[in-house]
Structures are given as C-alpha cells and as structure tokens.
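Just so you know, the sequence shown maps onto residues 31 to 324 in my numbering.
Below is one structure, written out as structure tokens; the observations come after it.
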Amino acid sequence: MEDAQAGSADRIERRLLRQISRLNKQRGLIEPGDKVMVAISGGKDSWGMLHLLRAYQRKLPFEFSMVAVNLDQGHPGFPVSTIRDHLVQQGFEHHLVTVDTHRVVKEHTPEGKAFCSLCSRLRRGILYRTATDLGATKIALGHHREDVLETFLLNFVYAGQLKAMPCKLRSDSGEHTVIRPLATCAEADLAALATARGYPIVPCDLCGSQENLRRKKMKALISEFELEDSRIPSNMFAALGNIKPSHLWDEELGTVARGGESADVEPRAARSSSPPAHAGLVRLRTTPARDESC
Ligand code: SF4
C-alpha cells in the first residue's frame, strides 16, 4: 500500500516537473546563472515549488542557484520554527525575515474591511528589498493553474478586465522579475504531492483576515465545471493563451489585430446607435484580487 502511494507521488512529481520544464522552455523563467529567491509561505504550493525546483535544478544542463525566503509577518501563532526546521533538515539555503506588518495592517485597515490589500503590498515591498539584499535575479511565487484561473474570473466578473496572472513579470521599477514556475500545474497535484511527501503545512488563516468570498465563489465555479468534465480547467487555461483580439472589444488591440482598420469591421452591435460596450459598466472592484492575497 505504501509502495503504491509512493509510486503515485512519484508519478505526480514527474508530471509536475514536466509541466515546469515545458513552461520554462517556452517562457525562459529560469536562465543560466540566475539566483532564484523562492518565496516560502509554508503552504502546500510553496513547499511543492521549492522541492520541485531543486529536482528541476538537478536535471538542467545549466546552473542556477536558489535561496528560500520566508517572511514572518507577525501573524499570531506563526510557526517560524516549523519552517526553519524543514529548511534545515532538507538542506536548503535559506533566509528568514521578520517584519511585523500584521500590527501595521490592523492599525490602518478600517473596521470590517479585508486586510489583504495593504498586507500584500507591504509583503511585496519586503520581498523586493530582500531580493535586492540577497542579489537574487528572480523571485519565484507558488501560484498554480487554479490561482491563475480564479484571478482571471475575478477580474472578468468583478473588475471589468480581461486579465489573469503572468508567469513572468518585471516589477514597475524594472528592478525585479517575478516568476511563477507552477503556473501550469494543477492545484490537486500539488495538494496530493504535499500530502504524500509530508510537507509541514502552515495554516493559512493565522492572519485573521476575512474570508475572500468572491475568490471562493470562483473556485467553486471552476470545481463545478471540472465535475461536469475534467478537461474544462485545462481548456479554460488554454484559452488564456489563445486570444483573438479582433473578436474582443478592446479598441486599441482590435485595431492592431485588424491591421489598422477600425470602423469598417466593427461588429454590427457596435455600429448601431447603442452606447459603447463599456458604457454603464459598474466596476465592482477595480483592482485584481489575487495579487492582494496570499
Ligand atoms: S490572506 Fe494573505 S494577504 Fe490577506 S491578510 Fe492574510 S496574509 Fe495578508
């Protein structure tokens, strides 16, 4: 029985490694000589990313280095020793940072509002500074396929934007590059791997933030689709890389896609006297949600 479980975990690990490798070949997330700062929250995804990147490092024909970084934000009961012990036992080069952003966030967030917006901005700033201090050339975050899809749906439904999460992104200052090596990996595979390998999972509710109900709704929607047909999440993900700008309503993109023509080839509905497509849009939320949470 144990052999069967180990065999299944090995299969899952091989599948995840193939996906990481394919994405890396296509998008050049990790390049020769990189020093990758791997952000470790203590959740299943970040542990999976760290172990998978080490396995990937051993297979690659070129060299890159890694340093695991955990940020203790002062959340009550945050078990930093659990994280440290695992990193030490497993022989990972690591760096632990402690900044009590929890107190700042609580002081500056109005009663009844979610902490995530300020919390994630502070965390991002600290991670960027740490990357600079450590001389890291890339910052790896553990977002997976479902995170990308949920973010896309959140922006589509609540923010009136077609926008997901890129697998490689330069920071606004141009100083840092964020990569998401797990962006094409299914969350279920990462969960199964974490269970099988016994990663020491840190609970994700220590910050005391209100549950993100909208994100939960999007997650439930994707699960519902998946129950109907297990291929649907992959199809949705494929759609993000299979865009027909000429058949969307972004004037600038559509014009470029149509080779400079604009008015003549507009869809019939847009040629009528009806108001432009964006008129009357109520932006329920104007900023994307995923980058505002863990
Ligand atoms: S869910 Fe994440 S981003 Fe939101 S408050 Fe908690 S730790 Fe911060």
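C-beta: ideal position from N, C-alpha, C; glycine also.
Since this is a predicted model, take the numbers as computed values, not measurements.
DSSP three-state call for residue i: helix, strand or coil?
i	result
GLU43	helix
SER260	coil
LYS143	coil
LYS198	strand
ALA34	helix
SER203	coil
LEU270	coil
LEU278	coil
GLU296	With a pLDDT of only 43 at GLU296, under the threshold of 50, the placement of this residue in the model should not be trusted, and no figure is reported.
PHE108	coil
SER302	With a pLDDT of only 42 at SER302, under the threshold of 50, the placement of this residue in the model should not be trusted, and no figure is reported.
ARG327	Past the boundaries of the shown model lies residue 327; the chain is included only from 31 to 324, so the question cannot be answered.
LEU192	coil
SER253	helix
ILE113	helix
ARG288	coil
GLN49	helix
ILE60	coil
GLY78	helix
GLN120	coil
Would you list the residues sitting across from residue i in a DSSP beta bridge?
i	result
LEU126	ASN100
SER95	LYS65
THR131	Its beta-bridge partners do not exist; DSSP assigns none.
LYS168	VAL66
ILE209	ALA170 and LYS198
With a threshold of 7 Å, establish whether the CB of residue i neighbours any heavy atom of the ligand SF4.
i	result
PHE108	no
SER76	no
CYS197	no
CYS215	no
PHE94	no
PHE145	yes
TYR323	The question names Tyr, but residue 323 is Ser in the sequence shown. Yes, the Cβ of SER323 comes within 7 Å of a heavy atom of the ligand SF4.
SER239	yes
SER150	yes
Does the distance from the C-beta atom of residue i to that of residue j stay below 8 Å?
i	j	result
GLY172	ASP33	no
ARG153	GLN103	yes
GLU176	LYS249	yes
LEU251	LEU199	no
LEU117	PRO211	no
VAL127	ALA98	no
LEU236	GLU43	no
HIS174	ALA213	yes
LEU192	PHE267	no
SER323	ASN242	yes
LEU148	HIS132	no
GLY73	ASN100	no
ILE59	LEU53	In the sequence as presented, Ile is not what sits at residue 59; that position holds Leu. Yes.
CYS197	ARG48	no
LYS168	ASP64	yes
SER276	ALA287	yes
TYR188	ARG261	no
PHE92	PRO140	no
TODO: Could I get the ranges of all uninterrupted alpha helix (DSSP H) runs contained in the segment 211-251, with 4 residues as the minimum, in chain order?
DONE: Counting whole runs of 4 or more residues, the segment 211-251 contains the alpha helix (DSSP H) stretches 217-227.
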